[in-house]
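The C-terminal position of the sequence shown is numbered 379 in the numbering used here, with every residue numbered one higher than the one before it. Glycine residues also receive a C-beta, built at the ideal position from the N, C-alpha and C atoms. Since we're looking at a predicted model, the values are computed, not measured. These notes concern the structure reproduced below.
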Amino acid sequence: VASPAPASTISSIAPKETLSAGSIHRAGPEQTAVLENSTLRVTFTTWGGGIREIELVGHTGDPGEKIRLNRGSPDAIFELRGWSAPGEGLVWSLEKADPQEVIFTAPAQTGGEVTIRRIFRLRGEYGLTVEQEVENRGGVPLALPAYALSAGVGAPVYLRKDEESYIGASWFTTDATYTSHKLPEFLPSNFLFLFPRPGKDQVSSREDRQVKWVSAKSQFFALVLTALDAPAAGAEAHKIDLEGEAMRDGSGKVPAIETWMKLPGFDLGVGAKNARKFGLYAGPKEDWRLRGLAHEEDQVMEFGWMGIVSRPLLVVMNTIEKWVGSYGWSIVILTILLKAILWVPQAKANQSMKKMQILA
């Protein structure tokens, strides 16, 4: 049996290299498993020891198409970076898969006897819980380095360029500060065609603030990863291009934002275990539903001071969507309703203006 490596030899790579999209070489055949209920169908994969994609049952995109969160992402949700050499990922095995839970295991340290085990379960309509346990089965105490977990990608639902301004990554810190970054920040731009500027390579949270949750979102849907037992050390987001997808308006590859949650390193004595618990919301951006979560995940709605107007309108739009089954048509119908409601006061205002013109 190989002896555990001392802490100083544990592989640790720079954050940019660690979190760069598609930098992991996949070895061996992929094993998959599925958990599902009336609202979610979650596909798990051994390529990353996490979630390959999440189908939202009952929601549709373009006619005949299903909504699948994280589709085309180079990384599974909960992909772990930071404990293996560049280009190498942890080698996960599927320990158990039944209708109640999916369990993955992997050696967490090359040449050592540290193992990582994850238990995934569905929770409620659009939620999952993840229990992660790292155990030192060797004979030497270890200090494991910091690591990061993928929280998924925010990407266009209908694969059209006009969705780009709604694609974003965000996080909420322990001092109640909400930070959001949208896809246009990562794209090249110019001012009056004279001053071209490259897009950002990455964005990160402040180093002096801990993070409660991170999100990757589109106009109508969001993935929100929450650290349940203790705050995370930080957050980071990168622009990526989805694999196997193309924009339907002919504008090329599909741009998206991948969000990562950074976790601190920890000491692991002989026979000791380090346990963490995470929650994942994967569903529609419905204010009432997000407000029911315990860590202010409703901040992802980004209402701000306009919430007094936006919240009632969103309730009406979501109610219409349940009738017609499409957010696109619900926006059209809501617009017509608003114009109908405002027609009478607008008509009276126009009449008053005409009278004023006659008097003038």
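Counting only the Cα atoms, ILE276 lies some 12 Å from GLY91.
Exposed is the label assigned to TRP307, since fewer than 16 other Cβ atoms lie within 10 Å of its Cβ. One thing to note: THR193 has its Cβ within 7 Å of the Cβ of GLN229. By the C-beta density criterion, TRP348 is exposed, having fewer than 16 other C-beta atoms within 10 angstroms.
Rounded to whole angstroms, the gap between the alpha carbons of TRP102 and GLU316 is 29 Å. In the DSSP secondary-structure assignment, VAL61 is bridged to LEU54 and ILE73.
Under the DSSP assignment, ASP286 falls outside any alpha helix (DSSP H), being part of the beta strand (DSSP E) whose first and last residues are 285-287.
Counting every other CB atom within 10 Å of its CB across the protein chains shown gives ASN89 a total of 16 or more, marking it as buried.
Under the criterion of beta carbons closer than 8 Å, GLY146 and TYR300 qualify as touching, at roughly 6 Å. By the criterion of at least three beta-carbon pairs nearer than 8 Å, the region 112-132 is not in contact with the region 267-276. Looking at the DSSP output, MET266 bridges to nothing. ALA104 is not a Cβ neighbour of GLY67, given a cutoff of 7 Å.
Taking LEU282 as reference, the option from ALA246, LEU206, HIS78 and PHE205 with the minimal CA-CA separation is ALA246.
Listed in chain order, the non-local C-beta contacts of LEU113 below 7 Å within the same chain comprise GLN50, ALA52, THR65 and PHE123, local neighbours out to five positions each way being set aside.
In the DSSP annotation of this structure, LEU309 is not part of any beta strand (DSSP E); the continuous alpha helix (DSSP H) holding it starts and ends at 306-310.
Membership of ILE86 in the beta strand (DSSP E) is indicated by the continuous run 85-88.
Contact annotation: GLU107 and GLY69 have beta-carbon atoms that are not nearer than 7 Å. In summary, TRP279 is buried, with 16 or more beta-carbon neighbours lying within 10 Å of its beta-carbon over all protein chains present. Looking at the backbone, the Cα of GLY47 and that of PRO126 are separated by about 15 Å.
Between LEU287 and ALA167, the C-beta spacing is not below 7 Å. Going by DSSP, ARG142 is part of the beta strand (DSSP E) stretching over 133-142. At the C-beta level, GLY218 and LYS201 stay beyond 7 Å of one another. By the Cβ test, the region 351-360 is not in contact with the region 259-268, since fewer than three Cβ pairs between them sit closer than 8 Å. Nearest in C-alpha terms to GLU204, of all of TRP190, TYR185 and PHE191, is TYR185.
Per DSSP, VAL319 lies in no beta strand (DSSP E) segment and is marked neither H nor E.
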